[in-house]
Amino acid sequence: MSIVRVNFPADRISGGYANPFKKTMSRTILAFLAFFLFQTVSLDAYGAEPAPEANWEEMLNVPNGTVEEMLMHFQQTLIAFSNAEFQTRDERIAAYEKVVRFSLELADKVILKNPTDEEKQIALGLKFRGLSFLAQKDPEKKKELLEFAKTLSTMDNIGQLSEVAKSLPMDMEMGELVKSKDFVNDAKAFRGKLIDFVQKNPSDIAASLMIDFLEYVEMFAPEKESYSMIQESANLFKPLLENKEPRLTFALESILEKAEFYGSLFGKEFKLEGLNLKGEKFDIQSLKGKVVLVDFWATWCGPCLAELPKMKEVYEKYKEKGFEIVGYSVDEDVDTLKEFVDNEKTPWITLSKEMSAEAEMEDFSETYHITGIPTLFLIDRDGKLISARAYGENRDRLLNELFETK
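Sequential numbering from 0 applies to the sequence shown in numbering that gives the first Met the number 0.
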């Protein structure tokens, strides 16, 4: 019997970087679940596309019928939801929550219908994914998720889903590090527990938590301490990655290389060149004497756009005091970029990676190991790097120190 593929289209809601303060599970584990659900099987034999006029909200009732019919209806609901238009990101997320609650109801009904092992695995994956979403803001759902994960971790015939469940408590404990008032010491203590966990559970899923840990250190440890801590941690993790998926070793080496490179940037002149939207050459050296915020971004990146109002605010506040912003867009569609900048009336310098590439200029998104956007650098009046994390509260604090503190 064929099984329908069940994938959540709303995984693309956020764009760019997710907000780590609202995380329940790591990107690695969520990526596994998304891949697992997507790969389950093909829909071709069913022609699952709903009618063009289908209203996803009217489909949020689990039909009576076979497991196959329920899963097919669920897939059609997801497709209708994916095709729906929403005015805001918050509106889409609220709608997505309705779909998640629908998926939980469906999963429970499928489990009660004596499904095949494959159907049961799909249902359990749906429930695990749904609970992880709701647990982000509901403490009771968080408890339910942990209990469900405990049950899954002891089950047979559910593939890697069992390993994901085993890793969840460690993953959630790692997420609590963002609240730490002594991140370095607390992270080192957690690192010891993580190494012990991976030694006792030598799966690729468990090992992936070490990569997430390195990313946490990169984001949340005091900036200049983070680079040495990444190097120290990577050396401890390397032996545990032997015989694991090559992508894990590659990810570790990439993070390590980036940490070593960023650590070497402080105290040195920051280099950046490119073409602006008029096709003119720009060199950041021309801004010496000013404090410069360099923003690697794109028009399709949700978190980048969310930063835009604050960027305009700080620009207006400090521009007369010797402050400038340089946006380095990684958009491939130059026309869309130009239209966006024109509509938003962004007053600062915008460089185009695509236009610069056509002029055979250096790709600085590669030079600076940009693996996610927005990435923001703050450069002092001498053209030297102050911070490679110049976003949010950190950016505001640094600018206040540079312009307001006497």
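Positions of the beta carbon are idealized from the N, C-alpha and C atoms, including for glycine.
{"Query": "Contact set for L133: own chain, Cβ-Cβ below 6 Å, skip 5 residues either direction", "Result": "K140"}
{"Query": "Classification of A79 by the beta-carbon crowding that lies within 10 angstroms, buried from 16 upward", "Result": "buried"}
{"Query": "Pair within 8 Å by beta-carbon distance, L425 and I229", "Result": "Past the edges of the chain, shown from 0 to 405, lies residue 425, and the structure says nothing about it."}
{"Query": "C-beta atoms of L125 and A94 nearer than 8 Å", "Result": "no"}
{"Query": "Integer-rounded CB distance, given that L377 should sit under 8 Å from A389", "Result": "4 Å"}
{"Query": "DSSP three-state assignment for K97, whether helix, strand or coil", "Result": "helix"}
{"Query": "First through last residue of the beta strand (DSSP E) which encompasses K280", "Result": "K280 to D282"}
{"Query": "Helix, strand or coil at I157 [DSSP, three-state]", "Result": "coil"}
{"Query": "Extent of the continuous beta strand (DSSP E) to which G391 belongs", "Result": "Unbroken run through G391 is the alpha helix (DSSP H), G391 to F402; no beta strand (DSSP E)."}
{"Query": "N82, enclosing alpha helix (DSSP H) - first and last residue", "Result": "V66 to N82"}
{"Query": "With 16 other Cβ atoms within 10 Å as the buried cut-off, status of E392", "Result": "exposed"}
{"Query": "K142, buried or exposed, once every other Cβ within 10 Å from all chains shown has been counted against 16", "Result": "exposed"}
{"Query": "Where V329 falls: helix, strand or coil (DSSP)", "Result": "coil"}
{"Query": "Per-residue DSSP class, three states only, for F236", "Result": "helix"}
{"Query": "Within 8 Å, strictly: CB atoms of T349 and S364", "Result": "no"}
{"Query": "Residues that DSSP places opposite L213 in a beta bridge", "Result": "DSSP, once it has assigned bridges, lists no residue as partnering L213."}
{"Query": "Beta carbon of A164 nearer than 8 Å to that of L176", "Result": "no"}
{"Query": "Runs of alpha helix (DSSP H) lying entirely within the stretch 292-332, each at least 4 residues, in chain order", "Result": "301-317"}
{"Query": "Meets three-Cβ-pair contact criterion under 8 Å: the stretch 274-285 and the stretch 238-253", "Result": "no"}
{"Query": "Opposing strand residues paired with V290 [DSSP bridges]", "Result": "F322"}
{"Query": "The alpha helix (DSSP H) enclosing S364, as first and last residue numbers", "Result": "F363 to T366"}
{"Query": "DSSP state of E357 mapped onto helix, strand, coil", "Result": "helix"}
{"Query": "Residues bridged to L272 (per DSSP)", "Result": "It should be pointed out that residue 272 corresponds to Glu in this sequence rather than to Leu. Per DSSP, D282."}
{"Query": "Continuous alpha helix (DSSP H) stretch holding S152: start and end", "Result": "No alpha helix (DSSP H) holds S152; DSSP gives it neither H nor E."}
{"Query": "Cβ separation of D385 and F295, assumed to be a contact under 8 Å, to the nearest whole Å", "Result": "The question names Asp, but residue 385 in the sequence shown is Ile. Not a contact, Cβ separation roughly 16 Å."}
{"Query": "Nearest-angstrom Cα separation, counted from M71 out to A258", "Result": "46 Å"}
{"Query": "Residue interval of the beta strand (DSSP E) (run including I385)", "Result": "L384 to S386"}
{"Query": "Whole-number beta carbon distance between G174 and F268, since they are thought to touch under 8 Å", "Result": "Checking the displayed sequence, the identity of residue 268 turns out to be Glu instead of Phe. E268 to G174, Cβ: 37 Å. No contact."}
{"Query": "Beta-carbon separation (whole angstroms), L422 vs M354, contact threshold 8 Å", "Result": "Examination of residue 422 is not possible in this model, given that the chain is present from 0 through 405 alone."}
{"Query": "Segment limits, alpha helix (DSSP H) that includes L125", "Result": "D116 to L133"}
{"Query": "Which residues DSSP lists as bridging L377, in chain order", "Result": "L292 and S386"}
{"Query": "Assigned secondary structure, L59 (DSSP; H/G/I helix, E/B strand, else coil)", "Result": "coil"}
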